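Worksheet: one structure, shown below.
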């Protein structure tokens, strides 16, 4: 019975989020910034990099279950349509129920990850690192890619 | 058992929220970008050290540009970019304390990694050329050390600087 | 001397492969202006060992010698007729150690004197890094001669400081083309106009009597004062013919950002290729 009560206690925050028409809200907050890179020299940004790692903020009902899945590009696009390989390793994503870059649970961004929202106010963050591998002949210029995090909310 | 507990709770959530139970889980997405700026660098790296091999008193030791012991520097930059190169502050002697051992250097360059086809140049005077169509240049370095018959035993050192100007 | 003693004197040094020691420098030329008195250069150590880099600033420019080869001209104490920025340009830091794969930015700060006339002022930035040390190896005997060499690499790039109104251009004269074996050797006199270095690209094309191209060359050029460069355009395999050289010089560079290029008219000329 205590278990049933605990679950039954969930509706209040869930209802308020539902009331806004969005059971879960995901905002891209910060880009994964590789800064300047040299041709032929790979560069990684760790998910624990407080300035350069990517960041998504999530709002959902406290204690709810979420499935996080990324749409990850395999390359960034630059001048004249040039592409530059971009890769993500098994520990390049991190989930923080406290929205703290210093307190993350690492996970593989290439496969869906199940997370549990912390207590009120129901805010979490996902941090993302990655590795860019410029070719030795990589054309100079600015490169960008889009990374999408989809959060499936299990009410 | 857990599954059994969830069913009434979901119904309760829907009921209290005044909504019909969702047919499927709901999702939302957010996007960020990944950004990088690729620089167009130039570089010179020491790829192989000049090595004189066995050194005997009274027996000059020579390393030709095409020998296995020749030194090699790799220059990389933009395709066809003009560069000048010279060996600055070349020592005439390698030194060990107050002891000298004469040394002379030879040099050559090639746009491919082949000392055999390298264009020789006087190291101190330098040379000018252009990088290859892929932005490469290889600078080879050889030399001769001439130990005296009574050359004092020891470790003889010198510093060689390759200056590359763009 | 016995054979054993000779052997004892031998220092066995083997060819040593370096883990590509040196430093990568970007960009290949720095452009600063009176509007923004600061600039930067990014250094990267591509190797697996730390590299110590010393940054120095001096006055110099490139010019061709009598053979048409490019040379770096350095002047330790430039007089007032030389557009030197070296005296009022500072780099921070001037000495740094880069760990493996480390990147660091060297900041450049210009503090030009008041009343500096309009024009472009130049300096050279040198990045000196140890490229490796010949490991001293050999017989473990105090009576041996060992040879060690410390290799250093100094990469020199140009710095252009633009003050006020700057303009440039190029005057082309004295075009010559002579066939020499499989190549056409081209000489031309290039005189910079205006008050800023000319940055452009030379396109030399050798065309046969049937109008078909037999060879071409594209070379980026920087002219600080006046140059008489020599270029060799390969026409390997081209039959005997009456060839003409067409030379076009345009203020475009693939290796520099467009915004640093000053506008000026393209110039061109053509000449018959002489037989030696």
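Residue numbers (this note's numbering), protein chains in the order written: chain P, 997 to 1151; chain H, 207 to 372; chain U, 506 to 781.
A virtual CB, placed ideally from N, CA and C, is assigned to each residue, including glycine.
As the structure is a prediction and not an experimental result, all values here were calculated from the model.
Applying a beta-carbon distance threshold of less than 8 Å, which residues of chain U neighbour residue 1037 of chain P? 529, 549, 551 and 606, listed in chain order.
At least three beta-carbon pairs within less than 8 Å, the stretch 654 to 672 of chain U to the stretch 694 to 702 of chain U: Contact check between the stretch 654 to 672 of chain U and the stretch 694 to 702 of chain U: three or more CB pairs, one atom from each, fall below 8 Å, which counts as touching.
Is the Cβ-Cβ distance between residue 1075 of chain P and residue 1135 of chain P less than 7 Å? Inclusion of residue 1075 of chain P and residue 1135 of chain P in the CB contact set at 7 Å is warranted, their separation being smaller than that value.
Taking its Cβ as the centre, do 16 or more other Cβ atoms sit within 10 Å of residue 597 of chain U, making it buried, or is it exposed? Result: exposed.
Inter-stretch contact at 8 Å, needing at least 3 Cβ pairs: the stretch 733 to 745 of chain U / the stretch 1105 to 1118 of chain P: Touching, no.
Proximity below 7 Å, CB of residue 1050 of chain P to CB of residue 1088 of chain P: Cβ atoms of residue 1050 of chain P and residue 1088 of chain P: not closer than 7 Å.
Is the distance from the Cβ of residue 631 of chain U to the Cβ of residue 610 of chain U below 7 Å? The answer is no: Cβ separation not under 7 Å.
I want to see whether chain U comes within less than 7 Å of residue 371 of chain H, judged by CB atoms only; does it? Cβ-Cβ to chain U under 7 Å: yes for residue 371 of chain H.
What do you get for residue 319 of chain H, buried or exposed, if any count of 16 or more other CB atoms within 10 angstroms of its CB means buried? Under this definition residue 319 of chain H is an exposed residue.
Going by beta carbon distance, what residues of the same chain come within less than 7 Å of residue 601 of chain U, once the five residues before and after it are set aside? Result list for residue 601 of chain U: 558 and 609, in chain order.
Proximal residues, the stretch 743 to 767 of chain U versus chain H, C-beta separation under 8 Å: The stretch 743 to 767 of chain U vs chain H, Cβ under 8 Å: 759 and 760.
Pull out every residue of the stretch 229 to 251 of chain H whose Cβ sits closer than 9 Å to any Cβ of chain U, in chain order. Of all residues in the stretch 229 to 251 of chain H, only 245, 246, 247, 248, 249, 250 and 251 come within less than 9 Å of chain U when Cβ atoms are compared, listed by chain position.
CB contact check: residue 1033 of chain P to chain H, cutoff 7 Å: Yes, its Cβ sits closer than 7 Å to a Cβ of chain H.
How would you call residue 722 of chain U, buried or exposed, if buried means at least 16 neighbouring beta carbons within 10 angstroms? Buried: at least 16 other Cβ atoms inside 10 Å.
Taking all protein chains shown into account, do 16 or more other C-beta atoms lie within 10 angstroms of the C-beta of residue 582 of chain U, making it buried, or fewer, making it exposed? In this structure residue 582 of chain U is exposed. Its beta-carbon is surrounded by fewer than 16 other beta-carbon atoms within 10 angstroms.
When you compare the CB positions of residue 628 of chain U and residue 568 of chain U, do they come within less than 7 Å of one another, or not? Cβ atoms of residue 628 of chain U and residue 568 of chain U: not closer than 7 Å.
Provide the residue(s) that pair with residue 1138 of chain P in DSSP beta bridges, ordered along the chain. For residue 1138 of chain P, the pairing in a beta bridge is given by DSSP as H/243.
Take the Cβ of residue 345 of chain H as the centre, count every other Cβ of all protein chains shown within 10 Å, and call the residue buried at 16 or more, exposed below. Buried, by the Cβ-count rule.
Give me, in chain order, the residues of the same chain whose beta-carbon lies closer than 7 Å to that of residue 1017 of chain P; leave out the 5 immediate sequence neighbours on both sides. Bear in mind that the predicted position of residue 1017 of chain P carries a pLDDT of just 49, short of 50, making it unreliable; the figure below should be weighed with that in mind. Excluding residues within five positions, none has a Cβ falling inside 7 Å.
Below 7 Å CB to CB, which residues in the same chain sit around residue 506 of chain U once its five sequence neighbours on both sides are set aside? Confidence in residue 506 of chain U is poor, its pLDDT being 40 and thus under 50, which makes the residue's placement unreliable; the coordinate value appears in the next sentence. Same-chain partners within the cutoff: there are none.
Paired residues, beta bridge with residue 680 of chain U - DSSP: Residue pairing of residue 680 of chain U in beta bridges, as defined by DSSP: absent, with no partner found.
Among H/283, H/290 and H/271, which residue has its Cα nearest to the Cα of residue 578 of chain U? Ranking H/283, H/290 and H/271 by Cα distance to residue 578 of chain U puts H/290 first.
Indicate the three-state DSSP secondary structure (helix, strand or coil) for residue 364 of chain H in the structure shown. Residue 364 of chain H: strand per DSSP, three-state reduction.
Inter-residue spacing [alpha-carbon to alpha-carbon] between residue 1124 of chain P and residue 586 of chain U: Approximately 56 Å, taken between the alpha carbons.
Suppose only complete runs of 3+ residues qualify. What are the beta strand (DSSP E) ranges in the stretch 550 to 588 of chain U, listed by chain order? Whole beta strand (DSSP E) segments, 3+ residues: 556 to 563, 565 to 569 and 575 to 579.
Beta strand (DSSP E) containing residue 1154 of chain P: first to last residue? Residue 1154 of chain P lies beyond the range of chain P shown here (997 to 1151); nothing can be said about it.
Can you find the residues in the same chain that come closer than 7 Å, C-beta to C-beta, to residue 1073 of chain P, ignoring five residues on each side of it along the sequence? Same-chain partners within the cutoff: 1079, 1139, 1140 and 1141.
Element boundaries [beta strand (DSSP E), containing residue 694 of chain U]: Boundaries of the beta strand (DSSP E) around residue 694 of chain U: 688 to 699.
For residue 1024 of chain P and residue 248 of chain H, believed in contact at Cβ under 8 Å, the rounded distance: Not really, about 36 Å apart at Cβ, beyond 8 Å.
Same chain, Cβ closer than 7 Å to residue 1027 of chain P, five either side skipped, listed in chain order: If we look at residue 1027 of chain P and ignore the five residues flanking it on each side, its Cβ neighbours are 1050.
List, from N- to C-terminal side, the alpha helix (DSSP H) runs of 4 residues or more that fit wholly inside the stretch 1075 to 1118 of chain P. Runs of the alpha helix (DSSP H) inside the stretch 1075 to 1118 of chain P: none found.
If you measure between the beta carbons of residue 684 of chain U and residue 778 of chain U, is that distance less than 7 Å? The Cβ atoms of residue 684 of chain U and residue 778 of chain U sit closer than 7 Å to each other.
Would a C-beta distance cut-off of 7 Å place residue 1128 of chain P and residue 1052 of chain P closer than the cut-off? Between residue 1128 of chain P and residue 1052 of chain P, the CB-CB gap reaches or exceeds 7 Å.
Leaving out five residues on either side along the sequence, give the residues of the same chain with a beta carbon under 7 Å from the beta carbon of residue 314 of chain H. Short of 7 Å from the beta carbon of residue 314 of chain H, and not among the five residues preceding or following it, lie these beta carbons of its own chain, in chain order: 271, 321, 324, 325, 326, 327 and 346.
Which word fits residue 514 of chain U, buried or exposed, when buried means at least 16 other C-beta atoms lie within 10 angstroms of its C-beta? Residue confidence for residue 514 of chain U is low, a pLDDT of 35 falling below 50, so the modelled location carries little weight and cannot support an answer.
8 Å Cβ shell around residue 229 of chain H - same chain, five flanking residues per side excluded: Here residue 229 of chain H scores only 45 on pLDDT, less than 50, and its place in the model should not be relied on; the value that follows carries that caveat. Answer for residue 229 of chain H: no residue qualifies.
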